[in-house]
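So for the sequence shown, the numbering used here puts the first residue at 7; every next one is plus one. Each residue gets a CB set at the ideal place from its N, CA and C atoms; glycine is no exception.
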Amino acid sequence: MTFKKYSFFFYCLCALLVVVGCKDNAATPKTEDTARSEDSKKSNIVFIYTDDLGYGDISAYGATEISTPAIDALADEGILFNNAYATAATCTPSRYSLLTGDYAWRKKGTGVAAGDEALLIDTKRTTLPGVLKTAGYKTGIVGKWHLGLGDEMGPDWNGKISPGPLEVGFDYAYMIPATGDRVPCVFVENHHVVNLDPNDPISVNYKEKVGDWPTGKENPELLTMKPSQGHNHTIVNGISRIGYMEGGKTALWDDETIPMELVNKSKIFINSSKDQPFFLLLSTHDIHVPRVANSMFQGKSGMGPRGDVILQLDWTVNEIVNTLKEKNLLDNTIVIFSSDNGPVVDDGYQDQARELLGNHQPSGGLRGGKYSAYDGGSKVPLIIRWPDGTGKGTVSDALVSQVDFLRSLAALAGVEKVYDDVVDSQNTLDVFLGDNTAGRTSLIQESFMGPLSYIEGEWKYIEPLDGPTLVPWGPIIETGFQLEPQLFHLKNDPNEQENLASEYPERVEELKTKLADFKKHGFKNQHEVNLN
7 MTFKKYSFFF YCLCALLVVV GCKDNAATPK TEDTARSEDS KKSNIVFIYT
57 DDLGYGDISA YGATEISTPA IDALADEGIL FNNAYATAAT CTPSRYSLLT
107 GDYAWRKKGT GVAAGDEALL IDTKRTTLPG VLKTAGYKTG IVGKWHLGLG
157 DEMGPDWNGK ISPGPLEVGF DYAYMIPATG DRVPCVFVEN HHVVNLDPND
207 PISVNYKEKV GDWPTGKENP ELLTMKPSQG HNHTIVNGIS RIGYMEGGKT
257 ALWDDETIPM ELVNKSKIFI NSSKDQPFFL LLSTHDIHVP RVANSMFQGK
307 SGMGPRGDVI LQLDWTVNEI VNTLKEKNLL DNTIVIFSSD NGPVVDDGYQ
357 DQARELLGNH QPSGGLRGGK YSAYDGGSKV PLIIRWPDGT GKGTVSDALV
407 SQVDFLRSLA ALAGVEKVYD DVVDSQNTLD VFLGDNTAGR TSLIQESFMG
457 PLSYIEGEWK YIEPLDGPTL VPWGPIIETG FQLEPQLFHL KNDPNEQENL
507 ASEYPERVEE LKTKLADFKK HGFKNQHEVN LN
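Here it is as structure tokens:
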């Protein structure tokens, strides 16, 4: 019996039992054991959310210069989506949308967050972990956060760091506060920095130097990995970062063992949650900069550190899947694999990523990359492995968006409540299950500090906006800035080479109007939306 057939049978049976139980208007009280039994029928959810992994970076999506067998195995046993999009071409807004079900551009200040940013998610609003928590799930996040911490004054690194993930629906958090290239280079568990010595307090400043720790700008001779642009502030582990810090020496992470630490904490969470349904968001550091592979993977890809950390990411997936197998949980666990945005080769460090790229195409031939309005910026890998072999080995061309996971997983968990504060997420569970091959009718892409794009069917419209045509700080990536509107037919021109705006002015006007309406109302014109 497939997962979807099992689900249908289960919900029909539940409905029948409700009718029978209510016949004499004397329902039997639900005991703790009954509630636990009902919860045990719900599938666990493990969402492996990678960083800066491109559409063409894994062999399941056609890469020939590198092999990712563990990720490929998920595709062989699940559904591979050819037409999946993150909501943005950078990390913070994509993560915001995944957790809130809303496009991040609706909320001001949701660009790439600084390392000392206050929490960006309103603690009163609906979130994906919060919804699943109400459905009986134990919820946890392990890995990169990058959505801000603390109140409007920012995080108190030496005290209780709140609000944060625990205030927006997670029961447990073990996190990299921002990114690997931003200070402070410490892990935070729930509300506190891990292994912090109170006699060596942490100081962080993103405007001016604090303390006397060496910087990449002042002491380049101390660097083991040199910056290509920016990234010349405080040196930690031989790598200069963005921002200044001092203190917290016993709390500093070891870059080479970050993946092992995150895998270990994920295993502990899985083991501690095995008696109830759980949702784990494993948000990997790989393959974001600085790319520091463990000694197990150094030099193994032939493509330098960037290739090595792709192999390291594949190891992470293998470790998590094997843990689920060992705990007899895999057959009752949905495994989702995706990326927060498209790829970037040179993103601030001299790690030979460009020189050793060879014939590898990180974006799979798509135009643009991280930061860009073109599809290379936000078209990403998406693989979903369902229990009981549902959709095993199939490929879907349906148009899907990560913003829809909130309502879709809520439906899967049996949550029927209407959340009025969730504007953009749609219930596309049938698409994620492989039952619907069409998917969304439209979606919006957000580039970095640039234009929005609107995809409807086979057409894509990019709104005109003045700005640099290339990312100005180093990566050789087209931004999508143009003074004139851009229109592409994605079926005939998936690499967005031929601008058809002048040939189809009526189509341009139509999509422009729809984008404006979507900005104002959200999907289905539910209600007006104000930027806040």
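Spatial neighbours of residue i in its chain, beta-carbon cut-off 6 Å, leaving aside the 5 residues before and after
i: Asp108; result: Val429 and Asp430
i: Tyr467; result: Tyr460, Leu493 and Leu517
i: Ser168; result: His197
i: Gly236; result: Gly354
i: Tyr250; result: Asn211, Lys215, Val216, His239 and Thr240
i: Ile245; result: Met231 and Pro296
i: Ala119; result: Thr98, His152 and Gly154
Beta-carbon contacts of residue i that lie in its chain and below 7 Å, excluding the five residues immediately before and after
i: Val477; result: Tyr377, Ile483 and Thr485
i: Glu158; result: Ala124
i: Thr140; result: Val421
i: Glu534; result: Unreliable placement is indicated for Glu534, whose pLDDT of 37 sits below 50; the coordinate value is still reported in the next sentence. Taken in chain order, the residues that qualify are Lys526 and His527.
i: Thr434; result: Val406, Asp410, Ser414, Gly445 and Arg446
i: Asn442; result: Ala404 and Asp436
Residue i beta carbon near the ligand FMN (any heavy atom closer than 7 Å)
i: Gly217; result: Summarising the ligand content, the structure contains no ligands, and the ligand FMN is consequently not present.
Reduced DSSP category for residue i - H, G, I as helix; E, B as strand; rest coil
i: Ser272; result: helix
i: Asn501; result: coil
i: Glu325; result: helix
i: Met455; result: coil
i: Val137; result: helix
i: Thr98; result: helix
i: Thr70; result: coil
i: Asn211; result: strand
i: Arg188; result: strand
i: Ser414; result: helix
i: Val477; result: coil
i: Phe524; result: helix
i: Met251; result: strand
i: Lys518; result: helix
i: Arg312; result: helix
i: Ser431; result: coil
i: Gln492; result: strand
i: Phe193; result: coil
i: Gly445; result: strand
i: Val409; result: helix
i: Val199; result: strand
i: Lys331; result: helix
i: Phe438; result: helix
i: Leu228; result: helix
i: Ile85; result: strand
i: Leu317; result: helix
i: Ala110; result: helix
i: Leu258; result: strand
i: Ile127; result: coil
Residues that residue i bridges to, as DSSP identifies them
i: Pro233; result: Tyr355
i: Thr221; result: Thr240
i: Tyr178; result: Gly146
i: Thr339; result: Asn50
i: Gly160; result: Asp157
i: Tyr510; result: In DSSP, Tyr510 forms no bridge with anything.
i: Arg391; result: Val341
i: Tyr467; result: Tyr460 and Leu493
i: Glu484; result: Leu476
i: Phe284; result: Lys144
i: Ala90; result: Val406
i: Ser289; result: Tyr55 and Gly149
Residues of its chain near residue i, where Cβ-Cβ distance is below 8 Å and the 5 sequence neighbours each way are ignored
i: Glu262; result: Val298, Ala299, Asn300 and Ser301
i: Thr475; result: Glu484, Thr485, Phe487 and Gln488
i: Thr290; result: Ile54, Tyr55, Thr56, Asp57, Gly149, Lys150, Pro265, Leu268, Leu319 and Thr322
i: Lys520; result: Ser448, Tyr460 and Glu462
i: Asp314; result: Arg297, Ala299, Phe303, Gln304, Gly305, Lys306 and Ser307
Beta-carbon separation (whole angstroms), residue i vs residue j, contact threshold 8 Å
i: Leu202; j: Thr256; result: 7 Å
i: Pro183; j: Val200; result: Not confirmed; about 11 Å, so no contact.
i: Ala94; j: Glu504; result: About 25 Å separates the two Cβ atoms, so there is no contact after all.
i: Thr4; j: Leu138; result: Lying before the first or after the last residue shown, residue 4 is absent from the chain, which here runs from 7 to 538.
i: Asn347; j: Ala92; result: 5 Å
i: Gly397; j: Asn501; result: That pair is no contact at about 28 Å.
Could you say if the stretch 350-363 and the stretch 395-412 meet the contact criterion of at least three C-beta pairs nearer than 8 Å?
no
Are the stretch 199-207 and the stretch 292-302 touching by the rule of at least three beta carbon pairs closer than 8 Å?
no
Contact between the stretch 341-355 and the stretch 288-299 (3+ Cβ pairs under 8 Å):
yes
Between the stretch 386-399 and the stretch 81-89, do at least 3 Cβ pairs fall closer than 8 Å?
yes
Segment contact, 8 Å Cβ cut-off, at least three pairs: the stretch 317-329 with the stretch 174-187:
no
Check whether the stretch 95-107 touches the stretch 223-242, taking contact to mean three or more Cβ pairs, one atom from each stretch, closer than 8 Å.
no
Does the stretch 340-349 come within contact of the stretch 45-54, defined as at least 3 CB pairs closer than 8 Å?
yes
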